[in-house]
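Asks: Residue numbering for the sequence shown follows our numbering, starting at 305 and increasing by one per position.
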Amino acid sequence: MNAREESRGLAILGSTGSIGTQALEVVDAHPDRLRVVAMTAHSNVALMEEQARRYKPAFVGMVSEKAAAELRERLAGTGIEVATGADCLLEAAAYPLADIVLNGIVGSAGLPPTLAALGAGKRLALANKESMVAGGDLVLEALRSGGELIPVDSEHGAVFHCLRGEDIGEVENIVLTASGGPFYGRNRGELEKVTIDDALAHPTWSMGRKITIDSATLMNKGLEVIEAHFLFGVPYERIKVVAHPQSVVHSLVEFRDGSLSAQLSVPDMRLPIALAISWPQRWGPPFKRTDLASLGDLSFGSIDTDTFRCLELAYKAGREGGLAPAVLNAANEVSVAAFLAGRIGFMDIERVIENTLDGFEPARANSLADVQRAEEWARAAARQAAGEAA
Ligand code: NAD
Ligand code: MG
305 MNAREESRGL AILGSTGSIG TQALEVVDAH PDRLRVVAMT AHSNVALMEE QARRYKPAFV
365 GMVSEKAAAE LRERLAGTGI EVATGADCLL EAAAYPLADI VLNGIVGSAG LPPTLAALGA
425 GKRLALANKE SMVAGGDLVL EALRSGGELI PVDSEHGAVF HCLRGEDIGE VENIVLTASG
485 GPFYGRNRGE LEKVTIDDAL AHPTWSMGRK ITIDSATLMN KGLEVIEAHF LFGVPYERIK
545 VVAHPQSVVH SLVEFRDGSL SAQLSVPDMR LPIALAISWP QRWGPPFKRT DLASLGDLSF
605 GSIDTDTFRC LELAYKAGRE GGLAPAVLNA ANEVSVAAFL AGRIGFMDIE RVIENTLDGF
665 EPARANSLAD VQRAEEWARA AARQAAGEAA
């Protein structure tokens with residue numbers, strides 16, 4: 305067999321984002337093992353044109369119709385198919401030439417393609433945590449009938465790694481680490497005054513804008529608690545969060561005998577992306593080595609949940625289950641967008657989410673339509689709460 309026949313077809317959803325572009329760096333490092341067969345993005349025509357010319361996928365999807373029309377013109381004569389609308393995500397997720405689908409979309413727009421990739425029996429390398437939060441029950445149901453899910457989120461990648469060869473029945477706790485974001489150690493009074501730029505200045509990770517704000521409110525950790533619950537089947541009372549400002553220990557598993565396993569590396573998302581793609585192999589050479597001696601001290605502390613209430617709101621929605629996590633996530637998406645647009649203050653984010661959750665009548669998540677209806681309701685409620693907060 306020649307190298308091309310052995311290489312795996314990769315579909316990258318969200319190729320123009322932080323995760324997507326880092327996934328392409330993983331492809332660059334392994335040109336004989338990976339070939340990009342499909343890519344999607346929302347509306348960044350210039351970058352998508354550049355990526356399409358370089359990686360020559362057979363299929364490109366642009367959710368925005370205007371962007372797709374422009375891209376079609378720019379790619380005329382290349383033979384690359386340009387599709388549009390939300391359905392292009394489903395087409396890319398189930399693309400016949402794709403063995404692996406990397407979902408690097410931001411927001412619960414990633415849920416339908418997550419379900420489509422599993423439905424088509426693909427390996428899903430999942431960065432899009434919102435799909436697990438909004439539709440965890442549906443994702444698990446899809447997984448029971450086919451496909452494979454490997455987490456890309458660094459914490460869950462770490463837990464996945466620590467559970468390698470272990471019996472999940474021996475696990476006492478999953479311990480997720482949190483950098484604490486840019487506002488670690490601040491009090492509520494100080495947080496009332498922070499600006500958009502303050503909130504976007506993450507101390508250890510360079511990421512898309514939405515997850516960077518989620519990291520500043522600690523909602524990111526809340527979403528990750530829910531993600532961990534569904535991925536590893538561990539009840540919420542046994543999923544803990546510990547502050548770890550250096551982001552070197554990516555998470556831990558505590559076993560029944562009290563021993564802890566951890567996964568460490570300098571922060572670099574290309575490592576969990578490559579691991580999700582190559583699993584159960586580990587492809588080298590490493591992007592970065594971790595020089596322990598030069599790292600200095602690694603510290604751990606407790607989370608101040610009186611200040612960062614989003615984490616508690618996520619536990620609450622997670623324990624309630626059913627459609628509550630979808631409502632939490634949709635309310636968060638709306639309030640983060642309102643904050644980034646300068647319409648509400650930083651501390652209004654949690655108020656809008658709490659207000660929305662308080663008005664929600666618990667219900668089960670039986671179908672994607674149920675989730676989407678609950679999200680629509682939550683978005684409207686959150687927009688109203690944000691308007692009142694403004
Ligand atoms: P980003 O904003 O940098 O990129 C998002 C990508 O999704 C872009 O390609 C964009 O075109 C596309 N997109 C946006 N809205 C869309 C829509 N409605 N439909 C289809 N595509 C759309 O975001 P990111 O930082 O790369 O994060 C992507 C996902 O990965 C998020 O769920 C995030 O929580 C998760 N994640 C990111 C990091 C990181 O280091 N960036 C780490 C862990 C997890
Ligand atoms: Mg993470």
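We treat Cβ as the ideally placed atom computed from N, Cα and C, and that holds for glycine.
#1: Since Val437 and Leu527 are thought to touch, with beta carbons under 8 Å apart, how far apart are those beta carbons, to the nearest angstrom?
#2: Is the closest heavy atom of the ligand MG to the C-beta of Glu459 under 6 Å?
#3: Quickly, what does DSSP pair Leu556 with across the bridge? List them, please.
#4: Apart from the five residues just before and just after Ser311, which ones in its own chain have a Cβ nearer than 8 Å to its Cβ?
#5: Classify Ile472: buried if its beta carbon has 16 or more other beta carbons within 10 angstroms, exposed otherwise.
#6: Rounded to whole angstroms, what's the CA-CA distance from Ala307 to Gly365? Just pull it up for me.
#7: Measure the CB-CB distance between Val553 and Thr481 and report whether it falls below 7 Å.
#8: Buried or exposed for Leu314, please, with buried defined as at least 16 other CB atoms from any protein chain shown within 10 angstroms of its CB.
#9: Going by DSSP, which residues form a beta bridge with Ala372?
#10: Roughly how many whole angstroms lie between the Cα atoms of Lys401 and Val341?
#11: Pull up the distance between the alpha-carbon of Met305 and that of Leu447, whole angstroms please.
#12: Measure the beta-carbon distance from Tyr540 to Tyr488 and round it to whole angstroms, keeping in mind my assumption that it falls under 8 Å.
#13: In whole angstroms, what is the alpha-carbon distance linking Thr320 and Ala566?
#14: Can you tell me whether DSSP reads Glu496 as helix, strand or coil?
#15: At what residues does the alpha helix (DSSP H) containing Ala547 begin and finish?
#16: Spatial neighbours of His506 within its chain, please: CB distance less than 8 Å, with the 5 preceding and 5 following residues excluded, ordered by chain position.
Replies: If we stick to the structure as given:
#1: Position 133 of the sequence shown, counted from the start, is the residue given in the question as residue 437. Position 223 of the sequence shown, counted from the start, is the residue given in the question as residue 527. About 5 Å; that satisfies the 8 Å criterion.
#2: If you number the sequence shown from 1, residue 459 lands on position 155. Correct: Glu459 has its Cβ closer than 6 Å to the ligand MG.
#3: Position 252 of the sequence shown, counting from 1, holds the residue named residue 556. BP columns for Leu556 point to Val479, Ala566.
#4: Start at 1 with the first residue of the sequence shown, and residue 311 comes out as number 7. Asp336, Arg337, Leu338, Arg339.
#5: Translated into positions along the sequence shown, residue 472 becomes position 168. It is exposed - the Cβ of Ile472 has fewer than 16 other Cβ atoms within 10 Å.
#6: Translated into the one-based positions of the sequence shown, residue 307 becomes position 3. Translated into the one-based positions of the sequence shown, residue 365 becomes position 61. No answer about Ala307 holds up, because its pLDDT of 45 lies below 50 and its placement is not dependable.
#7: Your numbering for residue 553 matches position 249 in the sequence shown. Your numbering for residue 481 matches position 177 in the sequence shown. Yes.
#8: Residue numbering aside, residue 314 sits at position 10 when the sequence shown is read from its first letter. The residue is buried, with at least 16 neighbouring Cβ atoms inside 10 Å.
#9: One-based indexing of the sequence shown puts residue 372 at position 68. DSSP, once it has assigned bridges, lists no residue as partnering Ala372.
#10: Position 97 of the sequence shown, counted from the first residue, corresponds to residue 401. Position 37 of the sequence shown, counted from the first residue, corresponds to residue 341. The sequence shown places Leu at residue 401, not Lys. Taking the straight line from one Cα to the other gives about 6 Å.
#11: As a first step, residue 305 is located in the sequence shown; it is residue number 1 there, counting from the start. As a first step, residue 447 is located in the sequence shown; it is residue number 143 there, counting from the start. For Met305, the predicted structure reports a pLDDT of 44, less than 50, and the residue's modelled location is therefore unreliable. A value from the coordinates is still provided. Computed Cα separation, rounded: 31 Å.
#12: Within the sequence shown, the letter at position 236 stands for residue 540. Within the sequence shown, the letter at position 184 stands for residue 488. The pair is not a contact, with the Cβ atoms about 23 Å apart (cut-off 8 Å).
#13: To locate residue 320, count along the sequence shown from 1; it is residue 16. To locate residue 566, count along the sequence shown from 1; it is residue 262. Going from the Cα of Thr320 to the Cα of Ala566 covers about 31 Å.
#14: Residue mapping note: residue 496 aligns to position 192 of the sequence shown, counting from 1. Three-state DSSP puts Glu496 in coil, outside helix and strand.
#15: Taking the sequence shown and counting its residues from 1, the one referred to as residue 547 is at position 243. Here Ala547 belongs to no alpha helix (DSSP H); instead the beta strand (DSSP E) covers 543-547.
#16: On the sequence shown, residue 506 is found 202 positions in, with the first residue counted as 1. Closer than 8 Å at the Cβ level, and outside the excluded window around His506, lie Ser483, Gly485, Pro486, Thr516, Ser519, Ala520.
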